[in-house]
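Protein chains in written order, with the numbering used here: chain A, 5 to 331; chain B, 5 to 331.
For every residue, glycine included, the Cβ atom is placed at its ideal position computed from N, Cα and C.
The model shown is predicted, which means the values in this text are computed figures rather than measured ones.
Protein chains: 2
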Amino acid sequence: MGDVNALVTLAKPDMAAVDALIIERMQSDVPVIPALAEHLISAGGKRLRPLLTVASARACGGEGDIVAARKLAASVEFIHTATLLHDDIVDSSEMRRGKVAAHLIWGAASSVLVGDFLFARAFELMVETDSIKALGVLATASSVIAEGEVLQLTRSHDVNLDEDTYLQIIRAKTAELFAAACETGALGAGVSAEKVAALREYGMALGIAFQLSDDALDYGATSEALGKNAGDDFAEGKVTLPLLLAIERSKGDEDAFWERTIHRGDRKDGDFEHALKIMRGTGAINATLDRAYEYADQAKAALAILPDSDWRKALEAVADYAVSRGA
Amino acid sequence: MGDVNALVTLAKPDMAAVDALIIERMQSDVPVIPALAEHLISAGGKRLRPLLTVASARACGGEGDIVAARKLAASVEFIHTATLLHDDIVDSSEMRRGKVAAHLIWGAASSVLVGDFLFARAFELMVETDSIKALGVLATASSVIAEGEVLQLTRSHDVNLDEDTYLQIIRAKTAELFAAACETGALGAGVSAEKVAALREYGMALGIAFQLSDDALDYGATSEALGKNAGDDFAEGKVTLPLLLAIERSKGDEDAFWERTIHRGDRKDGDFEHALKIMRGTGAINATLDRAYEYADQAKAALAILPDSDWRKALEAVADYAVSRGA
Numbered sequence: 005m006g007d008v009n010a011l012v013t014l015a016k017p018d019m020a021a022v023d024a025l026i027i028e029r030m031q032s033d034v035p036v037i038p039a040l041a042e043h044l045i046s047a048g049g050k051r052l053r054p055l056l057t058v059a060s061a062r063a064c065g066g067e068g069d070i071v072a073a074r075k076l077a078a079s080v081e082f083i084h085t086a087t088l089l090h091d092d093i094v095d096s097s098e099m100r101r102g103k104v105a106a107h108l109i110w111g112a113a114s115s116v117l118v119g120d121f122l123f124a125r126a127f128e129l130m131v132e133t134d135s136i137k138a139l140g141v142l143a144t145a146s147s148v149i150a151e152g153e154v155l156q157l158t159r160s161h162d163v164n165l166d167e168d169t170y171l172q173i174i175r176a177k178t179a180e181l182f183a184a185a186c187e188t189g190a191l192g193a194g195v196s197a198e199k200v201a202a203l204r205e206y207g208m209a210l211g212i213a214f215q216l217s218d219d220a221l222d223y224g225a226t227s228e229a230l231g232k233n234a235g236d237d238f239a240e241g242k243v244t245l246p247l248l249l250a251i252e253r254s255k256g257d258e259d260a261f262w263e264r265t266i267h268r269g270d271r272k273d274g275d276f277e278h279a280l281k282i283m284r285g286t287g288a289i290n291a292t293l294d295r296a297y298e299y300a301d302q303a304k305a306a307l308a309i310l311p312d313s314d315w316r317k318a319l320e321a322v323a324d325y326a327v328s329r330g331a
Numbered sequence: 005m006g007d008v009n010a011l012v013t014l015a016k017p018d019m020a021a022v023d024a025l026i027i028e029r030m031q032s033d034v035p036v037i038p039a040l041a042e043h044l045i046s047a048g049g050k051r052l053r054p055l056l057t058v059a060s061a062r063a064c065g066g067e068g069d070i071v072a073a074r075k076l077a078a079s080v081e082f083i084h085t086a087t088l089l090h091d092d093i094v095d096s097s098e099m100r101r102g103k104v105a106a107h108l109i110w111g112a113a114s115s116v117l118v119g120d121f122l123f124a125r126a127f128e129l130m131v132e133t134d135s136i137k138a139l140g141v142l143a144t145a146s147s148v149i150a151e152g153e154v155l156q157l158t159r160s161h162d163v164n165l166d167e168d169t170y171l172q173i174i175r176a177k178t179a180e181l182f183a184a185a186c187e188t189g190a191l192g193a194g195v196s197a198e199k200v201a202a203l204r205e206y207g208m209a210l211g212i213a214f215q216l217s218d219d220a221l222d223y224g225a226t227s228e229a230l231g232k233n234a235g236d237d238f239a240e241g242k243v244t245l246p247l248l249l250a251i252e253r254s255k256g257d258e259d260a261f262w263e264r265t266i267h268r269g270d271r272k273d274g275d276f277e278h279a280l281k282i283m284r285g286t287g288a289i290n291a292t293l294d295r296a297y298e299y300a301d302q303a304k305a306a307l308a309i310l311p312d313s314d315w316r317k318a319l320e321a322v323a324d325y326a327v328s329r330g331a
């Protein structure tokens, strides 16, 4: 049902170069900086976003410089890491990638500043590629991500959040960087505007599919599958699509329950289980997964413009993986 | 004794355009963003950094596009504003530009994210100028500033801080953005590498002069002159040059006092007055001001390469102003 392994194998030499760049460029004479950055970066994760950047360059079969694509890939990972550092402060998260969150070890102040440092280093790397277009794409992505985060911050406990606003939030805070990762890879490869647009579309749909699938998994997956605990979103009173649909579909019956647990944030033992029961009864989780499958299909369709290749197949498999995790 | 007025008058049309750009580009459909940004930006201050950017372009008498210099000036102000928002969280500051600090009104989370937003918007604006060199200068400045902030964070209560490290901190956290503001102005004007380097040198020396002078004023100026309370640095236990010199020069006599008030952070009524007495007795404040004057002279000397003009004279007057405030 899809996996990332094919892509990981194909991209091994590229990603070794990207990893080396990441390690090299996160160095600083100020010891806290590499220590804090390494804590998060060495914890790994799949490096999915930079992987998409190099894969997009390769799948386009462009004539561009793969060195540029690799630098852009490292930039994308720095931007992602910076947003994670800042997000964990914003959400007061305790864990990240299976480790204690950096702000709980080095303090919020250091996390803010090291995030800023990595963000700036990302732009220094981009400048080296001489691609003003890629710079524009990643600068815009960065402002859109921040906007999405603020929107989420102000609306995430709102039991009246509508589906459009929710989609606007996940497009901005998650899918935009996936889209930019793919788009800059294509730009780095120097291919036609049509292919660049196709890769952007792929990344955007893929990012939405990933987020919807994550949101569904948070009401059903084991903690191993996500590297965080299922039930986290509910525990934070965060309104995601499954919750939003469950609220809508249980209107009249469960208003007081949602008002108390989400809006007022007054949750007690057994509430998560009750929420799960409503979710299953209203089909909210499956409806969310159906939506995720639609976006995964959209992502794959966008790739049709590319020449047939192992790279293209691997990108298609990632779209399947996005929605089949934990299944 | 120097002032900023001549420069403000000369640059009025340029700065009106820069202000319009700033207002236009800080907008967002997410209401918290322009509200928070405006709180800080409309509080004003002198807009010294963007003023230096347009003035550097004008003083170089280059053939470049003044529109580019104005965009770079707005970018510089966005970067500055973003760092202020993040600094106030890092330092838990209560006031900024005579107003309650943004994080105390909208929360630290919003301040972190709006800072990120403004930082990203700065890079979007730079991209529009098509000047990859200016982008490189401001990207590097941004990472150097973050490094300087982290260095300060980890060393600022250290009674053994040496003068070199202190200078390294203020070069990074203050002077680097002054240098970049001037350098990008010259780059925007498209002048010779020699003039670009001279403007950078001017900005760097000017920034150091400003910071040293601020540090001295914090042990003597009225609160009107600085828009913050004199004594703030001592109240925060922050080691600046006057303090560092006072500690050095009172070795053997006052070690227990500094150890308690700065290292352990245990301060009580009358301590600031006692610190001031040591400062005056050891000549620490005057020694700091002497250093500031040297850097102001260095700044003016760097301008010798430029054609004689009202702009150049106005930039010289700013260097005098940096060290004569509150006198």
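{"Query": "For the candidate residues Ala323(A), Leu280(A), Glu198(A) and Phe238(A), whose alpha-carbon lies nearest to that of Cys64(A)?", "Result": "Glu198(A)"}
{"Query": "Is there a Cβ of chain A sitting closer than 7 Å to that of Gly140(B), yes or no?", "Result": "yes"}
{"Query": "If we ignore side chains and look at the alpha-carbon of each, how far apart do Ala305(A) and Asp237(B) end up?", "Result": "60 Å"}
{"Query": "Using beta carbons (cut-off 7 Å, strictly below), is Thr169(A) in contact with chain B?", "Result": "no"}
{"Query": "Could you give the DSSP three-state label for Arg175(B): helix, strand or coil?", "Result": "helix"}
{"Query": "Would a check of beta-carbon distances place Ser160(A) closer than 7 Å to chain B?", "Result": "no"}
{"Query": "Report the CB separation of Leu165(A) from Val243(A) in whole angstroms; it is logged as a contact under 8 Å.", "Result": "5 Å"}
{"Query": "Could you tell me which whole alpha helix (DSSP H) segments of length 4 or greater appear in the stretch 146–210 of chain A?", "Result": "167–174 and 180–193"}
{"Query": "Please compile the residues from chain A whose C-beta is within a distance smaller than 7 Å of the C-beta of Asp134(B).", "Result": "Ile136"}
{"Query": "Report the three-state DSSP secondary structure of Arg329(B) (helix, strand or coil).", "Result": "coil"}
{"Query": "Can you give, in chain order, each stretch of the alpha helix (DSSP H) that sits fully within the stretch 255–305 of chain A and has at least 4 residues?", "Result": "259–262 and 275–286"}
{"Query": "According to DSSP, simplified to helix, strand and coil, what is Met99(B)?", "Result": "strand"}
{"Query": "Is Leu216(A) close to chain B? Criterion is C-beta to C-beta, closer than 7 Å.", "Result": "no"}
{"Query": "Applying a beta-carbon distance threshold of less than 9 Å, which residues of chain B neighbour Glu81(A)?", "Result": "Result: empty, since nearest Cβ-Cβ is about 16 Å, beyond 9 Å."}
{"Query": "Is DSSP giving Val8(A) helix, strand or coil here?", "Result": "coil"}
{"Query": "In whole angstroms, what is the alpha-carbon distance linking Val58(B) and Asp120(B)?", "Result": "24 Å"}
{"Query": "Any heavy atom of the ligand PLP closer than 6 Å to the CB of Ala61(B)?", "Result": "The model on display carries no ligand, and the ligand PLP is accordingly not part of it."}
{"Query": "Closest to Thr188(A) by C-alpha separation, out of Leu139(A), Thr13(A) and His84(A), would be which residue?", "Result": "Leu139(A)"}
{"Query": "On the DSSP bridge assignment, give the partners of Val243(A) in chain order.", "Result": "None; Val243(A) has no bridge partner."}
{"Query": "Secondary structure at Val34(A), three-state DSSP: helix, strand or coil?", "Result": "coil"}
{"Query": "Sort out for me which residues DSSP pairs Val104(B) with in a bridge.", "Result": "Met99(B)"}
{"Query": "Looking only at its chain, what residues have a beta carbon closer than 7 Å to the beta carbon of Lys137(B), apart from the 5 residues adjacent to it on each side?", "Result": "Leu191"}
{"Query": "Given a threshold of 16 other Cβ atoms within 10 Å of its Cβ, counted over all protein chains shown, does Gln215(A) qualify as buried or as exposed?", "Result": "buried"}
{"Query": "Listing by chain order, which chain B residues have their CB less than 8 Å from the CB of Ile93(A)?", "Result": "Ala112, Ala113 and Val116"}
{"Query": "If contacts are defined as beta-carbon pairs under 8 Å, then Val327(A) and Ala296(A) qualify, I think. What distance do you get, rounded to the angstrom?", "Result": "5 Å"}
{"Query": "CB-CB under 7 Å to Trp110(A), same chain, minus the five flanking residues each way: which ones, in chain order?", "Result": "Val36 and Leu40"}
{"Query": "Of the residues that make up the stretch 29–50 of chain A, which ones have a beta carbon closer than 7 Å to any beta carbon in chain B?", "Result": "Ser32, Val34, Val36 and Ile37"}
{"Query": "Please return the same chain residues whose Cβ sits closer than 7 Å to the Cβ of Leu248(A), not counting the five positions on each side in sequence.", "Result": "Leu165, Glu167 and Tyr170"}
{"Query": "In this structure, does DSSP put Arg62(A) in helix, strand or coil?", "Result": "helix"}
{"Query": "The alpha helix (DSSP H) that contains Leu129(B), what's its start and end?", "Result": "Ala112 to Thr133"}
{"Query": "I need the straight-line Cα distance from Ala220(B) to Leu210(B), nearest angstrom please.", "Result": "15 Å"}
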